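In our numbering, the protein residues as written are 79 to 519.
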């Protein structure tokens with residue numbers, strides 16, 4: 079039985095009265111979780127080091143920002159700067175989870191409104207959306223049974239185009255979900271239970287989910303059916319996994335409830351964050367009819383070419399000479415927001431700290447008809463990745479260049495971010511780029 083279906087799973091932030099702590103607001107709970115999950119910062123492993131002092135000060139600064147100023151409103155510009163320069167990983171997944179939800183517009187800017195917002199949106203997903211999935215799948219199964227009976231009686235099945243479309247969608251999601259990041263297989267029995275459902279194949283169950291694969295599949299199914307103009311496109315599962323895995327860790331650390339309900343809350347949060355990510359930024363990247371337009375991936379790659387040309391004409395010219403285009407390597411970088419280029423999920427999360435700051439900036443500027451050009455940080459990050467392997471590229475031919483950029487070598491992610499910020503901070507360079515840039519990511 080699902081927690082959300084009978085209201086056993088709390089849709090709002092947890093209250094810890096059962097452990098003697100009494101009522102806590104969400105920020106008090108967040109602060110406690112951070113303290114408990116990062117005891118080493120408090121010297122529990124042998125006293126304060128200078129670095130631990132600095133790290134802990136950064137965490138306290140972000141927490142102070144989240145407390146908000148007058149009226150409890152958070153200074154988002156200040157929060158964005160902290161995310162970009164130092165990230166929020168030092169506070170663990172719980173702090174990063176809250177910050178990402180703010181940057182993606184899932185949480186309101188006033189912290190006092192978080193409880194009511196989460197309760198409403200999580201309740202909406204876990205009741206209405208999950209109920210919709212159940213009805214859709216049951217209707218599909220009923221239609222299939224009717225078709226079978228008709229086939230046996232009349233020799234041909236009735237028209238069931240809707241049923242076929244639902245099955246096609248489920249099949250595609252099923253294939254992709256099991257190809258997602260390996261961190262999803264936290265427990266071996268997740269995969270074993272999935273395989274045990276049939277003849278050794280792995281099939282997601284979006285009606286009665288018991289694994290993380292099931293829950294991701296349900297999110298993607300709901301998103302696709304609510305957005306028929308776009309539907310589900312391969313690659314969305316990778317973007318979703320980055321957020322879903324973070325939110326799962328957050329809810330487990332908070333110990334809000336049992337593991338199945340924690341996963342259910344993470345599912346609801348990830349659904350809304352995926353929806354906002356696509357709506358505010360990434361939808362055009364996945365619309366095939368826009369592929370060759372300025373708004374789609376073609377326009378993004380053209381802008382990246384322009385950035386690379388301004389930053390390093392020698393590398394740009396050599397790539398052109400060897401007939402290596404941005405399509406060959408940067409297509410995946412931009413569509414999947416670098417989620418596949420680094421083995422460590424922590425590295426991907428740190429990069430997303432930076433990338434999501436620009437999503438908030440773009441959303442905040444949409445109402446300004448006189449906005450100036452802005453080159454998003456992801457362009458500089460990708461350019462920095464090219465620059466860090468510059469020597470290899472200049473010495474290489476087509477095969478070497480592709481191998482290097484399609485299978486990016488290990489680098490400290492902070493080195494990449496530091497160079498990206500340095501490139502963006504070059505006034506002459508940035509002015510040259512921003513004169514003709516559109517405010518896009």
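Cβ atoms here follow ideal geometry from the backbone N, Cα and C, with glycine treated the same way.
Keep in mind that this is a model prediction, so the values were computed, not measured.
Cβ pair residue i, residue j closer than 8 Å
{"i": "residue 179", "j": "residue 173", "result": "no"}
{"i": "residue 297", "j": "residue 345", "result": "yes"}
{"i": "residue 385", "j": "residue 478", "result": "no"}
{"i": "residue 311", "j": "residue 349", "result": "no"}
{"i": "residue 476", "j": "residue 402", "result": "yes"}
{"i": "residue 507", "j": "residue 388", "result": "yes"}
{"i": "residue 433", "j": "residue 466", "result": "no"}
{"i": "residue 381", "j": "residue 308", "result": "no"}
{"i": "residue 31", "j": "residue 255", "result": "The structure shown has nothing for residue 31, since the chain only spans 79 to 519."}
{"i": "residue 316", "j": "residue 418", "result": "yes"}
{"i": "residue 137", "j": "residue 212", "result": "no"}
{"i": "residue 252", "j": "residue 281", "result": "yes"}
{"i": "residue 393", "j": "residue 471", "result": "yes"}
{"i": "residue 170", "j": "residue 429", "result": "no"}
{"i": "residue 214", "j": "residue 303", "result": "yes"}
{"i": "residue 139", "j": "residue 160", "result": "yes"}
Same chain only: Cβ atoms within 7 Å of residue i, ignoring 5 sequence neighbours per side
{"i": "residue 108", "result": "172, 173, 176"}
{"i": "residue 293", "result": "287, 341, 345"}
{"i": "residue 144", "result": "105, 152, 176, 189"}
{"i": "residue 319", "result": "258, 259, 262, 294"}
{"i": "residue 444", "result": "No answer about residue 444 holds up, because its pLDDT of 45 lies below 50 and its placement is not dependable."}
Residue range of the unbroken alpha helix (DSSP H) whose run includes residue i
{"i": "residue 356", "result": "Careful: residue 356 lies outside any alpha helix (DSSP H) and carries neither H nor E."}
{"i": "residue 259", "result": "Element bounds for residue 259: n/a, residue is neither H nor E."}
{"i": "residue 180", "result": "170-181"}
{"i": "residue 159", "result": "154-163"}
{"i": "residue 494", "result": "491-503"}
{"i": "residue 522", "result": "Coverage of the chain is limited to positions 79 through 519, which leaves residue 522 absent and any answer about it impossible."}
{"i": "residue 289", "result": "No alpha helix (DSSP H) contains residue 289, which DSSP labels as neither H nor E."}
{"i": "residue 484", "result": "476-484"}
{"i": "residue 471", "result": "468-473"}
{"i": "residue 207", "result": "Per DSSP, residue 207 belongs to no alpha helix (DSSP H) and is neither H nor E."}
{"i": "residue 199", "result": "192-201"}
Own chain partners of residue i with C-beta closer than 8 Å, once the 5 adjacent residues on each side are dropped
{"i": "residue 437", "result": "181, 182, 355, 358, 359, 519"}
{"i": "residue 125", "result": "Here the model assigns residue 125 a pLDDT of 48, short of 50, so the residue's position is not dependable, and the following value carries that caveat. Cβ within range, chain order: n/a, list empty."}
{"i": "residue 277", "result": "Any reading at residue 277 needs caution, since the residue's pLDDT is 49, under 50, leaving its predicted position unreliable; the model's value is listed next. Same-chain partners within the cutoff: there are none."}
{"i": "residue 301", "result": "310, 314, 349, 352, 353, 356"}
{"i": "residue 502", "result": "453, 455, 458, 508"}
Cβ shell of residue i (< 6 Å), same chain only, five flanking positions each side left out
{"i": "residue 420", "result": "426"}
{"i": "residue 510", "result": "388"}
{"i": "residue 157", "result": "143"}
_Taking contact to mean 3 or more Cβ pairs, one atom from each stretch, closer than 8 Å, check whether the segment 459-466 and the segment 491-501 are in contact._
yes
*asked:* For the structure I just gave you, are there three or more beta carbon pairs, one from the segment 152-162 and one from the segment 399-409, closer than 8 Å?
replied: no
*asked:* To test your reading of the DSSP string, which unbroken alpha helix (DSSP H) runs of 4 or more residues are found completely within the segment 382-450?
replied: 391-399, 408-413, 423-443
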